[in-house]
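Chains as they are written, first to last, in the working numbering: chain V, 247 to 597; chain G, 247 to 597.
Using N, Cα and C, we set each Cβ at its ideal position, and we do this for glycine too.
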DNA sequence: GCACAGCCGTGAAAGGTTTCAACCAGATTT
DNA sequence: AAATCTGGTTGAAACCTTTCACGGCTGTGC
């Protein structure tokens, strides 16, 4: 293709063998100064760039780890990605970032791309089961680490944040503020995150000796293209919320994007927050604190999660892989209280 | 590595030649039903996955196009990416998304990774000159399309939004509201975007017959790690803004993240927006309309830009490449007026 | 003067896929 | 009966790099 120059041509022009050129590139210390300089000059002159595919073919694996997230439009995942990327770069690996947009189809497509690429390892926030493909990776010896999702023991590593606890934190806070009629707004319940946060919320309701009916659930459109449009889904949900009677006095959203959407609609409808409706989000993305009413939110250590995930993955691929033991790391979320849930609440700014 | 099965083993087990297996995969219509079924069964049983690297080595180029953006933490670029990705996927190509984080070093690193990968083409929002590496790509026959950055004619395609016009729109609006002392807050001026928006802003000031001094410039930290922390940079800038005397009555920010940061500080300091200070942002990211005071912003057609860029790139690589003519497409930005710049302003909600 | 070590460099093999000319058997045409 | 065609399959070449056992040479120690 387009007269691309290979190692062979470099060797020829420099008057050495291909092996030597390879040594110049990969083990310069094994080549005499003189030869090295000459070869490097030819490389420069010809604009030679080594072919990663040939290299990889020989090596059997690539220097890329892939990261497949649920929703790139959500700053939370961007943070996760940046954490993972930093860790990978420190180890000389590259990160290929992809977005499944919560679609099992996209997810499957990307996973098979990764398989064909023979990536070094896979970091993934699985959409749902998708166990099939992932098991195939493991069978082939490619480690898979779950991010933001606990992994059933034995199978592999995972880093997640305790979503049940997070749901509990949010609802406990609302209960403490005196609310007894709470709505939970989330994406589709097939997502473990949505499920677990609900479980935690419900658990807290029961711990307070209240009937389950005190927590009402609004699930946003089950459509495939929900992802990335979370704020819009939040607006829809808010419309449904306003139509409820009696109207809940507090809302807990499964992520900040939803919460911001809700906030927008409430703001537009003249419903005051937190006086008439208190609002709690999840993720504590940077925008949460800049919202119309600064948003109370459950903070997740996103970057840290990404970093740890990458580190676990690299540990599993590295030389020390032999005595690697799978770990399921569960981090603790933290409630950040702001104005959206407490009247005249703290002016505290996040971050 | 890990006993990975190749086409050879499949061929052997199915009792056919490797050529036939390849045909089963790539030209199934040329293989008899019977053979095909048998081969597919073996593939399934062995868990064979074809090696992209070997494939690519043979083909000379990959099925991946790369997209290198300035700042993944900015939703604007996430939109650009999603537009590009959609277009690429429709054409059967994959997008490798990377983040230069406005660092020339990172940019160079990624570009050489792309070169080694022999990507099909490069979409890039260049940090600064970086002409060297990009010229090398072209020399090797790999098309390079600039995104969100006009390209000097002849060299290649580009899609951008008229930043000079955008800067003008923002400032004209503020002038029309009666403001005569405006601050422009931006990232480092080596970024063309920041530069051009400033030019447009200044041009408008002059068109109104006002002295240039009516536009004061605050440039945020020249530090390398500015990227991704734009909202924070906005907070810093706002602090400096509050220290100015006389204090400007209006602020135009080079992106919404900066504007949101500014807004946060103003809000915290009890400065009312837009009464005491009017605020205009740039990009019209989704969060702009959900801010404490809905943000007036210059909207850029981000997704469309991404899509067009990918389409231009594919046109340049495709079969029709022979009669391809480089194009510099310049889209028009659009001002979206919200409450942050007009007292009792429109309640309009974005999107 | 010989044995040996160390340094540089070589040449060939291996890695998995795609492509393409050639081939084969059987069917159809002349 | 010979020639032509056709659908199906084959075998080998080419893609580019890395690795590794080995060879030639120089210098050192005995």
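Select from the options the residue whose C-alpha is nearest the C-alpha of residue i.
i                      : options                       : result
residue 548 of chain G : G/578, G/342, G/291 and G/583 : G/578
residue 536 of chain G : V/576, V/505 and V/589        : V/505
residue 480 of chain G : G/466, G/397 and G/438        : G/466
residue 492 of chain G : G/576, G/383, G/461 and G/476 : G/461
residue 299 of chain V : V/520, V/363, V/380 and V/355 : V/363
residue 336 of chain V : G/352, G/331 and G/342        : G/352
residue 271 of chain G : G/454, G/286, G/278 and G/258 : G/286
residue 652 of chain V : V/417, V/346 and V/555        : Since the first residue of chain V shown is 247 and the last is 597, residue 652 of chain V is not available in this structure.
residue 521 of chain G : G/398, G/350 and G/425        : G/425
residue 365 of chain V : V/342, V/574 and V/378        : V/342
residue 563 of chain G : G/354, G/386, G/379 and G/288 : G/386
residue 497 of chain V : V/308, V/428 and V/262        : V/428
residue 517 of chain V : V/500, V/495, V/455 and V/527 : V/495
residue 532 of chain V : G/321, G/398, G/303 and G/349 : G/321
residue 560 of chain V : V/310, V/324, V/256 and V/453 : V/310
residue 288 of chain V : V/257, V/418 and V/571        : V/257
residue 394 of chain V : V/402, V/384 and V/407        : V/407
Could you tell me which chain V residues have their CB closer than 8 Å to the CB of residue i, listed as they occur along the chain?
i                      : result
residue 293 of chain G : 382, 385 and 386
Does DSSP put residue i in a helix, in a strand, or in coil?
i                      : result
residue 294 of chain V : coil
residue 600 of chain V : Residue coverage of chain V in this structure runs from 247 to 597, which leaves residue 600 of chain V outside it and unanswerable.
residue 250 of chain G : coil
residue 537 of chain V : strand
residue 420 of chain G : helix
residue 429 of chain G : strand
residue 448 of chain G : helix
residue 559 of chain V : helix
residue 360 of chain G : helix
residue 371 of chain V : coil
residue 383 of chain G : helix
residue 578 of chain V : coil
residue 545 of chain G : strand
residue 226 of chain V : Chain V is shown from 247 up to 597; residue 226 of chain V falls before or after that span and cannot be answered.
residue 264 of chain V : helix
residue 410 of chain V : helix
residue 391 of chain G : strand
residue 569 of chain G : helix
residue 437 of chain V : coil
residue 366 of chain V : coil
Excluding sequence positions up to five away, which residues of its chain have a Cβ less than 6 Å from the Cβ of residue i?
i                      : result
residue 490 of chain V : none
residue 445 of chain G : 410
residue 553 of chain V : 329 and 333
residue 597 of chain G : Residue placement at residue 597 of chain G cannot be trusted, given a pLDDT of 38 that sits under 50; what the coordinates show is reported in the next sentence. Result list for residue 597 of chain G: empty, nothing under 6 Å.
residue 463 of chain G : 430
residue 344 of chain G : 314 and 356
residue 580 of chain G : 545
residue 593 of chain V : Low per-residue confidence applies at residue 593 of chain V: pLDDT is 44, beneath 50, and the placement is therefore not dependable, though the value from the model is reported in the following sentence. Within the same chain, residue 593 of chain V has no close Cβ partners at all.
Mind pulling the chain V residues with CB within less than 9 Å of residue i?
i                      : result
residue 506 of chain G : 532, 533 and 536
residue 587 of chain G : By Cβ distance, chain V contributes nothing, its closest Cβ being about 16 Å from residue 587 of chain G, past 9 Å.
residue 278 of chain G : The contacting residues do not exist; residue 278 of chain G stays about 26 Å from chain V at best.
Starting from residue i, find everything on chain G with Cβ-Cβ shorter than 7 Å and list it in chain order.
i                      : result
residue 340 of chain V : 359
residue 343 of chain V : 343
Residues of chain G with CB under 8 Å from residue i, in chain order?
i                      : result
residue 363 of chain V : 298 and 299
residue 303 of chain V : 297, 299, 300 and 303
Take residue i and list the residues in its own chain whose beta-carbon comes closer than 7 Å to its own, dropping the five residues that flank it on each side.
i                      : result
residue 513 of chain G : 538
residue 423 of chain G : 524, 587 and 588
residue 230 of chain V : Because chain V in this structure spans residues 247 to 597, residue 230 of chain V falls outside the shown range and cannot be described.
residue 582 of chain V : 530, 542, 543, 545 and 596
By the criterion of Cβ-Cβ separation under 7 Å, what are the contact partners of residue i in chain V?
i                      : result
residue 560 of chain G : Neighbours of residue 560 of chain G on chain V: none; closest Cβ ~16 Å, over 7 Å.
residue 316 of chain G : The contacting residues do not exist; residue 316 of chain G stays about 13 Å from chain V at best.
residue 509 of chain G : 536
Excluding five sequence neighbours on each side, which residues of the same chain lie with their C-beta closer than 8 Å to the C-beta of residue i?
i                      : result
residue 252 of chain V : 294 and 297
residue 268 of chain G : 253
residue 198 of chain G : As shown, chain G starts at 247 and ends at 597. That puts residue 198 of chain G outside it, with no answer to give.
Under 9 Å between beta-carbons, which chain G residues line up against residue i? List them in chain order, please.
i                      : result
residue 319 of chain V : 321, 324, 325, 328 and 532
residue 367 of chain V : Within 9 Å Cβ-Cβ: nothing; residue 367 of chain V doesn't reach chain G, min ~13 Å.
residue 349 of chain V : Those within 9 Å of residue 349 of chain V in chain G number zero; the least Cβ separation is about 12 Å.
Taking 7 Å as the cut-off, is the beta-carbon of residue i closer than that to any non-hydrogen atom of the ligand COA?
i                      : result
residue 263 of chain G : This structure lacks the ligand COA, and indeed carries no ligand of any kind.
Within the region 456–527 of chain V, note down every full alpha helix (DSSP H) run reaching 4 residues or more, in order along the chain. 476–488 and 502–514
For a minimum of 3 consecutive residues, which ranges assigned as the beta strand (DSSP E) are wholly contained in the region 278–357 of chain V? 310–315 and 340–345
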